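Residue numbers -5 to 268, in our numbering, belong to the letters of the sequence shown in order.
Accompanying notes for the structure given below.
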Amino acid sequence: MTSAAEVTRTAAAPTSTSATTDPGAPPTRAWRGSPAGTGIRRSVRLFNACRREPADPDGFYSLLAGDSVDQVSRYASLLDASVLDVGGGPGYFRRAFNAAGASYVWVEADVDELLARGVREPGSVLGSALALPFHDGSFDVCYSSNVLEHVTDPWLMASEMIRVTRPGGLVFLTFTNWLSPWGGHETSPWHYLGGGYALRRYERRRKVAAKNRFGSSLFQISVAEALEWARGREDVQLLDARPRYLPEWAKPVLGVPGVRELVTWNLTLVMRRG
Ligand SMILES: C[S@@+](CC[C@H](N)C(=O)[O-])C[C@H]1O[C@@H](n2cnc3c(N)ncnc32)[C@H](O)[C@@H]1O
-5 MTSAAEVTRT AAAPTSTSAT TDPGAPPTRA WRGSPAGTGI RRSVRLFNAC RREPADPDGF
55 YSLLAGDSVD QVSRYASLLD ASVLDVGGGP GYFRRAFNAA GASYVWVEAD VDELLARGVR
115 EPGSVLGSAL ALPFHDGSFD VCYSSNVLEH VTDPWLMASE MIRVTRPGGL VFLTFTNWLS
175 PWGGHETSPW HYLGGGYALR RYERRRKVAA KNRFGSSLFQ ISVAEALEWA RGREDVQLLD
235 ARPRYLPEWA KPVLGVPGVR ELVTWNLTLV MRRG
């Protein structure tokens, strides 16, 4: 078990868990800022960067990181805040959170993902989202992007995020819902005919193994069940629920059963721990 303060204290020590504000890092050299705002221009920038992701992953993740900082900052100050990112891959978002003044730690379960950029960046912790290796109430902000749909028990992961957030702290959880046009990830849009079928079709045609495998590393989560889960928790206040990439004016779609599953694309839940 590790607390945020303990992680920070270990920063100078040559341990495998280091951290956090990394003041020496060039804060924005590889980070191209954020798409800014909540309007249609932001959405178009994000979707365009997403389409170009295979050719320019750094461009996409830099933009997404900046956007994440912008979005989280709408609900909590990041200056001097301790932030845990659950399922942070190789640390795509580290510089953006550090540049906003936060001390940033991330948990990642897959060592290959941790090392995907060729180096293990400071602030990483090898561990599982389903049993976060931190004490209760360790962080001001617990953030997770596009991980919930990859774990076997999403509501255990979400509960863990609440547990490690201090009372009054923020839980910011965003994920791709199954009936989103991107619900099947690289097997989309064939997931609409079934996740197993989409996976078999992808692998038969491409003759490569899919990275996201329905039933083992990709699972179905609906907008309806996520909203029900969040509203049913007595230890958090649901501050906001919104389609992550869509403009602010698209938010009312979350009140329309059925349609919301198809158009939300990616659902953000913002909760304050009681
Ligand atoms: C689609 S990537 C998202 C990366 C980053 N958060 C983002 O938004 O770009 C999903 C990440 O979650 C990680 N992951 C999957 N299951 C996990 C678990 N049980 N605990 C921690 N990380 C996990 C994967 O290894 C992968 O790095």
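Using N, Cα and C, we set each Cβ at its ideal position, and we do this for glycine too.
Keep in mind it's a predicted model, so treat the numbers as computed, not measured.
**Message:** Counting C-beta neighbours from all protein chains within 10 Å, is the total for Asp16 16 or more, i.e. buried, or is it exposed?
**Reply:** Below a pLDDT of 50, predicted positions are generally treated as unreliable, and Asp16, at 40, falls in that range; no measurement from the model is reported.
**Message:** Between which two residues does the beta strand (DSSP E) holding Gly163 run?
**Reply:** 159 to 169
**Prompt:** Tell me which same chain residues have a C-beta within less than 8 angstroms of the C-beta of Ser138, skipping the five on either side of it?
**Reply:** Asp79, Val80, Gly81, Ala123, Met151, Met155, Phe166, Leu167, Thr168, Phe169
**Message:** In whole angstroms, give me the CA-to-CA distance for Gly189 and His144.
**Reply:** 13 angstroms
**Message:** At a threshold of 7 angstroms, does Tyr55 count as lining ligand 1 (C-beta to nearest heavy atom)?
**Reply:** yes
**Request:** Decide if Leu240 is buried, meaning its Cβ has at least 16 other Cβ atoms within 10 Å, or exposed.
**Result:** buried
**Asked** Between the C-alpha atoms of Thr22 and Ala93, what's the straight-line distance to the nearest angstrom?
**Response** Note that Thr22 scores a pLDDT of 34, beneath 50, so its modelled location is shaky; the value from the coordinates is reported in the next line. Answer to the nearest angstrom: the Cα atoms are 7 angstroms apart.
**Prompt:** Which residue comes first and which comes last in the beta strand (DSSP E) that contains Glu102?
**Reply:** 97 to 102
**Request:** For Arg254, count neighbouring C-beta atoms within 10 Å of its own C-beta (all shown protein chains included) and say buried if the count is 16 or more, exposed if not.
**Result:** buried
**Item:** Coarse secondary structure for Asp234, derived from DSSP in three states
**Value:** strand
**Request:** Determine the extent of the beta strand (DSSP E) in which Asp229 is found, giving its start and end residues.
**Result:** Note, Asp229: premise wrong, no beta strand (DSSP E); not H, not E.
**Message:** Distance check for Asp147 and Ile34, CA to CA, integer angstroms please.
**Reply:** 34 angstroms
**Request:** Taking Phe54 as the reference, give the member of Ser62, Ala43, Asp61 with the closest Cα.
**Result:** Ala43
**Message:** Quick check: is any heavy atom of ligand 1 less than 7 angstroms from the C-beta of Glu102?
**Reply:** yes
**Prompt:** Roughly how many angstroms separate the alpha carbons of Tyr196 and Arg160, rounded to a whole number?
**Reply:** 43 angstroms
**Asp147 (DSSP reduced to helix, strand or coil)** = coil
**Request:** May I ask you to report which of helix, strand or coil DSSP gives Arg266?
**Result:** strand
**Segment contact flag, the region 195 to 214 with the region 229 to 247, C-beta cutoff 8 angstroms, min 3 pairs** = no
**Prompt:** Near Trp25, what residues of its chain come up, given a Cβ to Cβ distance below 8 angstroms and the 5 sequence neighbours on each side ignored?
**Reply:** Per-residue confidence for Trp25 stands at a pLDDT of 43, beneath the threshold of 50, marking its modelled position as unreliable; the derived number appears in the next sentence. Answer for Trp25: Ser56, Ala59, Gly60, Arg89, Ala90, Ala93, listed in chain order.
**Residue closest to Tyr86, alpha-carbon to alpha-carbon, out of Thr181, Thr32, Leu109, Val158** = Leu109
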